[in-house]
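**Q**
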């Protein structure tokens, strides 16, 4: 079954065409700067070469039309006809308490996703735009929504509730939902397959760390706590997101700067984190270069970034009553060997031993703990698109 996986952002579309039977990626690429004069589509040709084509795309519907054009191109495409697309799987960021698993998209599902707009104003509207574009362009093809928040719906109330007036939870749904759920679900399962462990009998801590980042505690295959909250700004220090912060500091900042909530949202989402502390960049490669040059703020930013990760691992080890497996994934988790080493060495008190030679790899599945380590530590590259394709094939296969 050929599954088209779409991840629609406010001005972008990422896509992969996956054969769900063989797990083979047939095509992949993305559209950027939708609505701007210099919008473009980039993709891989069947021989593996990368191409970029500048083309006018005023909206998501036209962007997806251009994706279809590339997929069916006589020379650069991989399918002859759009009828070879059997289903479309969408990444949808927020499902609140409405969705605890992936679902077939119906008019009722679309309305529920729209009801989540207030808690995901940047993401859910873009996700719906992509869904509606497919309804117009391929109306007969079934679509499936895979939610970032769904995996975390198994958290107990003591983990997801805020100590705000209970009425605000009842009226507005204000609670912790968590994100990156598709990634945490994939890498935790894959880690156990890789290590030969029973997934439903392990205490696992998954660290999805990169420009965005979250850590999840998983017991017996179910998420029991996670670092992100109502929105993706809670938890770890991220590339440009603030992470955990005293809410009183935010109201004080609004008063001192004389700003409103929109300006505050910009600060905590786009001007904080690694970028805000370092003053250099949100790209860890730039931070590493700054550290090499002796930049004190770059050093501070990295220290803070790693310290937050260490604190959450410690907290979730306590919440789980111990840990059997720790997983690193995401851009930093998969590629930044120094951060993995610093974290592992700081966990020696838990019985973690570190294999420095194994840790030298980037972007590959590898165990980086020693043979005598009490907790097994692995690097598992995430593959959210494959997880979305798998869910989509399973749901559509039952129709």
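Residue numbers (the working numbering): 185 to 583. All C-beta atoms, glycine included, are put in the ideal place defined by N, C-alpha and C.
1. What does the alpha-carbon distance come out to for the pair residue 354 and residue 220?
2. Here's the rule: buried if 16 or more other CB atoms are within 10 angstroms of the residue's CB, otherwise exposed. What is residue 541?
3. By a C-beta neighbour count over all protein chains shown, 10 Å radius and 16 as the cutoff for buried, is residue 277 buried or exposed?
4. What residues match up with residue 274 in a beta bridge as DSSP calls it?
5. Helix, strand or coil: how does DSSP classify residue 287 here?
6. Does the stretch 527-545 come within contact of the stretch 568-583, defined as at least 3 CB pairs closer than 8 angstroms?
7. Checking 8 angstroms against the spacing of the C-beta atoms, do residue 488 and residue 461 come in under that value?
8. Among 526, 344, 425 and 534, which residue has its Cα nearest to the Cα of residue 467?
9. Among 279, 211, 435 and 526, which residue has its Cα nearest to the Cα of residue 570?
10. Could you tell me whether the Cβ atoms of residue 314 and residue 395 are closer together than 8 angstroms?
11. Is it true that the CB of residue 427 sits closer than 8 angstroms to the CB of residue 457?
12. State yes or no: is the C-beta of residue 237 within less than 8 angstroms of the C-beta of residue 224?
13. My assumption, with CB atoms under 8 angstroms, is that residue 336 sits in contact with residue 286. Please give the rounded CB distance.
14. Classify residue 300 as helix, strand or coil using the three-state DSSP reduction.
15. Just to confirm, are residue 303 and residue 244 a CB contact at a threshold of 8 angstroms?
16. Could you name the residues that DSSP lists as bridge partners for residue 201?
17. Would you mind reading off the limits of the alpha helix (DSSP H) that contains residue 318?
18. For the alpha helix (DSSP H) holding residue 367, just list the boundary residues, first then last.
19. For residue 403 and residue 443, I'd like the C-alpha separation in whole angstroms.
20. Hey, out of 551, 536 and 437, whose CA is closest to residue 543's CA?
21. Contact defined as beta carbons within less than 8 angstroms: I believe residue 561 pairs with residue 536. What is the distance between those atoms, to the nearest angstrom?
22. Can you give the beta carbon distance from residue 393 to residue 514, rounded, assuming they're within the 8 angstroms contact cut?
23. Which residue marks the beginning of the beta strand (DSSP E) containing residue 470, and which one marks its end?
24. Is residue 558 helix, strand or coil by DSSP?
25. Does the distance from the CB of residue 332 to the CB of residue 363 come in under 8 angstroms?
26. By how many angstroms is the C-alpha of residue 233 removed from the C-alpha of residue 226?
27. With H, G and I counted as helix, E and B as strand and the rest as coil, what does DSSP make of residue 435?
28. DSSP three-state call for residue 518: helix, strand or coil?
29. Are there 16 or more other CB atoms within 10 angstroms of the CB of residue 194, so buried, or fewer, so exposed?
30. List the whole-angstrom C-beta distance separating residue 200 from residue 215, where the pair is believed to meet the contact cut-off of C-beta under 8 angstroms.
**A** Put simply:
1. Straight-line Cα distance between these residues: approximately 41 angstroms.
2. It counts as exposed.
3. Buried: at least 16 other Cβ atoms inside 10 Å.
4. The beta-bridge partner set that DSSP reports for residue 274 consists of 190 and 329.
5. The answer is strand: DSSP assigns residue 287 an E or B state.
6. Short answer: they don't touch.
7. A contact, by the Cβ cut-off of 8 angstroms.
8. Its Cα nearest to that of residue 467, the residue 425 stands out among 526, 344, 425 and 534.
9. For the residues 279, 211, 435 and 526, the minimum Cα distance to residue 570 belongs to 211.
10. Against a cut-off of 8 angstroms, the Cβ pair of residue 395 and residue 314 comes out as no contact.
11. Yes, the pair counts as a contact, with Cβ atoms nearer than the cut-off.
12. In this structure, residue 224 lies closer than 8 angstroms to residue 237 by Cβ.
13. The C-beta distance from residue 336 to residue 286 rounds to 14 angstroms, too long to fall under 8 angstroms, and the pair is not in contact.
14. In this structure, residue 300 counts as coil in the three-state DSSP scheme.
15. Taking 8 angstroms as the cut-off, the Cβ atoms of residue 303 and residue 244 do not count as close.
16. Looking at the DSSP assignment, residue 201 forms a beta bridge with 188 and 211.
17. Start and end: 308-321.
18. Note, residue 367: alpha helix (DSSP H), 365-379.
19. Each residue's Cα considered, the two are about 42 angstroms apart.
20. Considering only alpha carbons, the answer is 551.
21. Indeed they touch by this definition, with Cβ atoms about 6 angstroms apart.
22. Between residue 514 and residue 393 the Cβ distance is about 5 angstroms, and since that is below 8 angstroms, they are a contact.
23. Premise fails: residue 470 lies in the alpha helix (DSSP H), 468-476, not in any beta strand (DSSP E).
24. The answer is coil: DSSP assigns residue 558 none of H, G, I, E or B.
25. In this structure, residue 332 places its C-beta atom within 8 angstroms of the C-beta atom of residue 363.
26. Answer to the nearest angstrom: the Cα atoms are 11 angstroms apart.
27. In the structure shown, residue 435 sits in a helix (DSSP, three-state: H, G or I).
28. DSSP places residue 518 in helix when its eight states are reduced to three.
29. Label assigned to residue 194: exposed.
30. Contact flag wrong, Cβ pair sits at about 13 angstroms.
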